[in-house]
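Counting in my numbering, the sequence shown runs from 181 upward without gaps. Backbone N, C-alpha and C define an ideal beta-carbon position, used for all residues, glycine too. Bear in mind the structure is a predicted one, so any value in this text is a computation, not a measurement. Here's the structure we're looking at; comments come further down.
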Amino acid sequence: MKIAIGADHGGFCLKEAIIEYFKEKGIEYKDFGCYSEESVDYAIYAKKVADAVAGGEFDKGILCCGTGIGISIAANKVKGIRAAVVTNEFCAEMTRRHNDANILAMGGRVISPEQAVKFTDIFLNTEFEGDRHIRRIAQITAIENGEDL
Ligand code: RB5
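Below is the structure:
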């Protein structure tokens, strides 16, 4: 499994903790920045990670900003991306099982680095359920393609 990870300054602390977890677990990853807590614009990192996942080079992505909101909104503008902001373990699991989310978004001003690592672990180890959810994901894709439902 190859993971693309990125953050703005507000999510930098979470990104660093998650990278430590990747190293411990031997998970292959690419860090798309940012590389310090100096103020930057989250859309830049959202696009880098979302393009990497949508292009198929990476299996999943992790994005962190202050709230997880701005960076997920930006990532969701890239075709094929389903980025979900998560603030608890239940949502980390459900967004994989039901939404087949391919990017996990979290906020450094909302959750702790320990929580971010836990949610990442759940997200990366939970499979999509398929079944009726396939139809619902197809509807999301149809919206993305400007089709009627
Ligand atoms: C940056 O101050 C902050 O706005 C950003 O990290 C994020 O929370 C936006 O949604």
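Proximity of residue i and residue j at Cβ, strictly below 8 angstroms
| i | j | result |
| --- | --- | --- |
| Val265 | Ile249 | yes |
| Ala296 | Ala254 | no |
| Glu307 | Arg276 | yes |
| Gly184 | Ala232 | For the sequence presented, residue 184 should be read as Ala rather than Gly. The answer is yes: Cβ separation under 8 angstroms. |
| Thr267 | Leu284 | no |
Buried versus exposed, by CB contacts within 10 Å (16 or more), residue i
| i | result |
| --- | --- |
| Met286 | buried |
| Phe270 | exposed |
| Ile314 | exposed |
| Leu329 | exposed |
| Lys182 | exposed |
| Ala318 | exposed |
| Asp188 | buried |
| Lys240 | buried |
| Ser219 | exposed |
| Gly260 | exposed |
Pairwise C-alpha distance: residue j and residue i
| i | j | result |
| --- | --- | --- |
| Gly186 | Ala223 | 10 angstroms |
| Glu324 | Tyr215 | 32 angstroms |
| Arg312 | Gly236 | 25 angstroms |
| Ala322 | Asn282 | 17 angstroms |
| Asn279 | Arg316 | 8 angstroms |
| Leu194 | Pro293 | 5 angstroms |
| Gly288 | Glu309 | 29 angstroms |
Residues sharing a beta bridge with residue i, DSSP
| i | result |
| --- | --- |
| Cys244 | Ala187 and Met286 |
| Tyr209 | Ile183 |
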